Amino acid sequence: MELLGSFNVGDFIPWLRWINIFTGFSVRVDTIAKEFDDFLEEVVDEHTRKLENRASRETEEDREEEEEERFGGQDMFAAGTDTSYTVLEWAMTELLRHPKTMERLRDEARRVGKGEAEINEDDLDEMLYLKAVMKETLRMYPPIPLLVPRKPSRSVEIEGYHVPAGTMTMVNAWAIGRDPGIWEQPEEFMPERFLNDGCKVDFRGQDFELIPFGAGRRGCPGISFAMATNELVLANMVNGFDWSLPEGMRVDELDMGECPGLTIHKKVKLVAVCTPRQLHA
Ligand code: HEM
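The opening residue of the sequence shown carries number 1 in full-length UniProt numbering; numbering runs sequentially from there.
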């Protein structure tokens with residue numbers, strides 16, 4: 001992911017793409033692509049071996065099917081893992097920086113979970129504060145800040161700008177999420193802005209003020225799965241544990257720096273202390 005988001009001349013000046021060979025960029029991309037491909041091939045093979053009564057896959061059609069499974073797996077794996085862990089790391093960081101927000105979320109989880117050890121998917125519908133926390137995290141820290149580069153198939157005119165067909169275009173979801181013309185106090189982490197009669201903006205691609213998953217035909221197809229898993233993980237983290245910063249560390253000492261890449265991680269990994277909650281017998 002870091003490599004995909006790094007600067008390379010060929011993306012910006014296509015006829016200079018040959019420079020990527022001399023900078024070593026092309027070799028690094030090919031090496032990682034091969035390692036990833038081998039890994040997925042092993043996963044698909046293992047899965048196929050487990051399928052009892054399945055004839056060995058030797059025809060051309062079988063091989064094509066196998067390749068599709070590998071590419072599908074590659075897409076899901078690349079698009080779904082890094083994004084999810086990034087969003088959870090930023091959410092936890094902001095919660096630790098805002099103890100009152102953490103407390104409110106924890107209280108909601110323990111109320112909705114009725115003191116049980118585990119929150120399940122059905123409980124999530126009732127957890128409106130959790131949803132507001134996730135939305136606010138996605139507003140401030142869209143895991144893929146420039147979405148995925150696209151090329152228009154025909155020339156278009158947008159607000160007076162002429163964009164010729166085939167131009168590489170990027171949408172800066174990060175800047176949109178922090179635009180003071182759209183958001184009040186955009187640099188403040190305030191999940192409350194999404195509650196009750198507050199802002200009705202949603203992230204499913206209908207409201208262009210908040211597009212961490214992109215929008216339109218090529219928007220993220222994993223959105224529902226991603227939100228269900230992220231919400232479930234965060235809800236269970238605050239339900240099952242009390243969270244704090246390492247002893248002696250102040251909130252203002254938390255490093256909020258970002259790493260460059262296709263997905264934007266914290267530069268310094270979050271270190272937090274979790275204390276299992278005492279369950280009543
Ligand atoms: C918080 C989690 C996630 C975020 C923020 C996210 C965001 C995005 C974004 C911004 C795009 C590009 C959309 C565009 O260019 O308009 C994308 C594409 C995609 N995402 Fe996600 N995603 C997440 C999780 C997932 C998960 C869990 C999966 C699958 C299990 C997934 C599968 C995909 C696929 C396959 C594409 C490519 C779609 C295409 O090009 O047609 N994503 N995602």
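We put the CB at the ideal spot given by N, CA and C, even for glycine.
Model, not experiment: these values are computed from the prediction.
So, is Ser-84 buried or exposed, given that buried needs 16 or more other C-beta atoms within 10 angstroms? Mapped onto the sequence shown, residue 84 falls at position 84. So Ser-84 counts as buried.
Would you check whether the ligand HEM has a heavy atom nearer than 6 Å to the C-beta of Phe-213? Here residue 213 corresponds to residue number 213 of the sequence shown, with the count starting at 1. Phe-213 Cβ: within cutoff of the ligand HEM.
With a CB to CB cut of under 7 Å and the five nearest residues on each side skipped, what residues in its chain are close to Pro-276? Taking the first residue of the sequence shown as 1, we reach residue 276 at position 276. Excluding residues within five positions, the ones whose Cβ falls inside 7 Å are Gly-240, Phe-241.
Kindly indicate which three-state DSSP category Phe-203 falls into: helix, strand or coil? The sequence position of residue 203 within the sequence shown is 203, counting from 1. Reduced to three states, the DSSP call for Phe-203 is coil.
My output table needs one value for Arg-154: the three-state DSSP class, helix, strand or coil. Within the sequence shown, numbered from 1, the residue matching residue 154 stands at position 154. Arg-154 falls in the coil class under three-state DSSP.
Mind reading off the beta-carbon distance from Val-233 to Leu-88? Whole number of angstroms is fine, and I expect it under 8 Å. In the sequence shown, residue 233 corresponds to position 233, counting from 1. In the sequence shown, residue 88 corresponds to position 88, counting from 1. Right, the Cβ-Cβ distance comes to about 6 Å (below 8 Å), so this counts as a contact.
Out of Leu-130, Thr-263, Ile-158, Val-43, state which residue places its alpha-carbon closest to the alpha-carbon of Arg-104. Locating residue 104 in the sequence shown gives position 104, where the first residue counts as 1. Nearest C-alpha to Arg-104: Leu-130.
Closest Cα partner of Lys-100 within the set Arg-154, Glu-192, Gly-222: Taking the sequence shown and counting its residues from 1, the one referred to as residue 100 is at position 100. Checked all of Arg-154, Glu-192, Gly-222; the closest Cα to Lys-100 is Glu-192.
Under the criterion of a Cβ to heavy atom distance below 6 Å, does Cys-259 qualify as lining the ligand HEM? What you label residue 259 is simply residue 259 of the sequence shown in a count that begins at 1. Answer for Cys-259: no, Cβ out of range of the ligand HEM.
Hey, Thr-263 and Thr-86: beta-carbon distance below 7 Å or not? Your numbering for residue 263 matches position 263 in the sequence shown. Your numbering for residue 86 matches position 86 in the sequence shown. Yes, they are a contact pair.
So Pro-212 and Leu-146 are supposed to be a Cβ contact under 8 Å. How far apart are they, rounded? The sequence position of residue 212 within the sequence shown is 212, counting from 1. The sequence position of residue 146 within the sequence shown is 146, counting from 1. With a Cβ gap of about 11 Å, Pro-212 and Leu-146 do not count as contacting.
Between which two residues does the beta strand (DSSP E) harbouring Val-163 extend? In the sequence shown, counting from the first residue as 1, residue 163 sits at position 163. Counting along the chain, the beta strand (DSSP E) containing Val-163 begins and ends at 161-163.
Quick one: using the 10 Å Cβ neighbour count with 16 as the cut-off for buried, is Met-168 buried or exposed? Numbered from its first residue, the sequence shown carries residue 168 at position 168. Exposed, since its Cβ has fewer than 16 Cβ neighbours within 10 Å.
CA-to-CA distance, Arg-150 to Tyr-161, given in whole angstroms: To locate residue 161, count along the sequence shown from 1; it is residue 161. To locate residue 150, count along the sequence shown from 1; it is residue 150. Whole-angstrom Cα-Cα distance: 17 Å.
Can we count residue 291 as close to the ligand HEM, meaning its CB is less than 6 Å from some heavy atom? Past the edges of the chain, shown from 1 to 281, lies residue 291, and the structure says nothing about it.
Please name the residue, chosen from Glu-253, Met-249, Val-27, Met-227, that lies closest to Thr-81 on a Cα-to-Cα basis. To locate residue 81, count along the sequence shown from 1; it is residue 81. Residue Met-227 is the option with its Cα nearest to Thr-81.
Measure the CB-CB distance between residue 298 and Ala-235 and report whether it falls below 7 Å. There is simply no residue 298 to check, as the chain begins at 1 and stops at 281 in what is shown.
What separation, rounded to the nearest whole angstrom, lies between the Cα atoms of Ala-91 and Val-148? Residue 91 sits at position 91 when you count from the first residue of the sequence shown. Residue 148 sits at position 148 when you count from the first residue of the sequence shown. Ala-91 and Val-148: Cα-Cα distance of roughly 22 Å.
Proximity test, Gly-205 beta-carbon vs the ligand HEM heavy atom, cut-off 6 Å: Within the sequence shown, the letter at position 205 stands for residue 205. Not so, every heavy atom of the ligand HEM lies at least 6 Å from the Cβ.
Measuring alpha carbon to alpha carbon, tell me which residue in Val-251, Gly-115, Val-268, Arg-218 is nearest His-98. Taking the first residue of the sequence shown as position 1, residue 98 is located at position 98. Comparing Cα-Cα distances from His-98 to each of Val-251, Gly-115, Val-268, Arg-218, the minimum goes to Val-251.
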